[in-house]
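Participant:
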């Protein structure tokens with residue numbers, strides 16, 4: 156089973172700036188990029204499968220001539236040919252997280268799409284979208300592994 160985990164890019168619509176104190180805006184606007192620890196933890200939990208992590212914050216956000224996100228994800232999908240695509244979203248990245256999963260479904264409707272991250276923990280109903288097959292709230296590494304094992308064994312996902 157092939158798994159592709161995609162860290163969504165930062166949203167250009169940073170609504171935090173609108174309500175931030177003036178002295179904080181300089182720092183909020185900076186592109187502070189670190190490793191996608193959540194997705195790397197998920198990847199570790201399923202390391203016995205063929206898993207790839209792609210960090211768009213390290214690629215898409217930093218390249219001024221990067222292609223549109225849908226094109227970049229489509230090219231990733233063509234290369235990886237995954238059975239499962241997962242993404243981790245915080246509130247400011249929800250739109251792009253959904254765009255990644257919608258692109259995966261457009262590429263191949265049989266791909267199982269999984270969303271996790273802080274936004275799924277706090278507001279899981281906002282991921283009630285046809286492009287999202289599974290929502291893994293909270294510390295989801297073991298839940299994600301259980302989802303993958305259920306898929307491998309062809310068990311229904313509601314058994315997880």
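Numbering (this note's numbering), first residue to last: 156 to 315.
All C-beta atoms, glycine included, are put in the ideal place defined by N, C-alpha and C.
#1: Which runs of the beta strand (DSSP E) at least 3 residues long sit entirely within the segment 208-288? Give them in chain order.
#2: Just verifying my parser: in three-state terms, what is the DSSP assignment at residue 309?
#3: Where does the unbroken beta strand (DSSP E) through residue 161 begin, and where does it stop?
#4: Contact between the segment 256-269 and the segment 232-245: three or more CB pairs below 8 Å?
#5: If you follow the alpha helix (DSSP H) that residue 198 is part of, which residue opens it and which one closes it?
#6: Does the Cβ of residue 199 have 16 or more other Cβ atoms within 10 Å, making it buried, or fewer, making it exposed?
#7: Can you check DSSP and say which residues form a bridge with residue 205?
Facilitator: Let me spell this out:
#1: DSSP runs (the beta strand (DSSP E)) wholly in the segment 208-288: 239-243 and 267-271.
#2: Within the chain shown, numbered from 1, the residue matching residue 309 stands at position 154. Coil at residue 309, not helix or strand.
#3: For the purposes of this step, residue 161 is identified with residue 6 of the chain shown, where counting begins at 1. Following the DSSP letters along the chain, one finds residue 161 inside the beta strand (DSSP E) bounded by residues 157-162.
#4: Contact between the segment 256-269 and the segment 232-245 is established, with three or more Cβ pairs separated by less than 8 Å.
#5: Counting from one through the chain shown, the residue named residue 198 turns up at place 43. Element bounds for residue 198: 192-200.
#6: For the purposes of this step, residue 199 is taken as residue 44 along the chain shown, with counting starting at 1. Taking every protein chain shown into account, the CB of residue 199 has fewer than 16 other CB atoms within 10 angstroms, so this residue is exposed.
#7: In the chain shown, residue 205 corresponds to position 50, counting from 1. Paired residues: 157.
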